[in-house]
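Throughout the sequence shown, residue numbering follows my numbering, covering 124 to 269 in sequence. We put the CB at the ideal spot given by N, CA and C, even for glycine. Values in this document were obtained by computation on a predicted structure and should not be read as measured data. Read through the structure below, which is laid out as structure tokens, and then see the notes.
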Amino acid sequence: MSAAVKDVQRSVFLDLIRSHPEMTLAELSKLSKGQFSGLLSSVTVGEVISAGHEFEGDAEVAVPSAEPGAAAAPEDVNTRTAVGRREYDARVLEFIRESEDAVSATEIRNKVGGTSLQVRKSVARLIEAEKVTWQGKARGTRYSAL
């Protein structure tokens, strides 16, 4: 394989890691086994930490305004700390309790914010704490409060 192709693969791999800041080190270490092992072994923590710094000073990208009546964009959530996870879980639980019917992960994400992974991990913690139950499978999974 040529050096140019390897450089492109490495760049795409770094972009993938950077686009999922909620990924834990344990999840990242799982990538070290299998087809990504060569790529992961060449990535440094510094490269991941410096994500986006090369773009500092660039002009801001204009974001089109939402149509009237459209839902506001969900805010970013911090689940990197125990306090952040507790606060996020409380907001997810509050939304589930206030809903008349069982809700999907997409509905939770659209209303409460966060990524798909953050929603899944939050409802898993709530299920384990016996505060939430689920029905269905895959995209048909719906959550309701106990």
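Short check: CB of Leu249 to CB of Asp212, under 9 Å?
yes
Residues in its own chain within less than 8 Å of Gln132 by CB, not counting five upstream and five downstream?
Leu162
Using a Cβ distance threshold of 8 Å, determine whether the segment 130 to 146 contacts the segment 228 to 242, with at least three qualifying pairs required.
yes
From Lys234 to Ala225, what distance separates their C-alpha atoms?
14 Å
Would you give the residue range spanned by the beta strand (DSSP E) that Arg265 belongs to?
265 to 268
Hey, could you find the ends of the alpha helix (DSSP H) Gln158 is sitting in?
Gln158 -> no alpha helix (DSSP H), and no H or E assigned at all.
Using the Cα positions of Thr204 and Glu221, report the straight-line distance between them to the nearest angstrom.
26 Å
With distances taken from CA atoms, which of Glu170, Glu217, Gln158 is nearest Ser245?
Glu217
Going by beta carbon distance, what residues of the same chain come within less than 8 Å of Phe159, once the five residues before and after it are set aside?
Phe136
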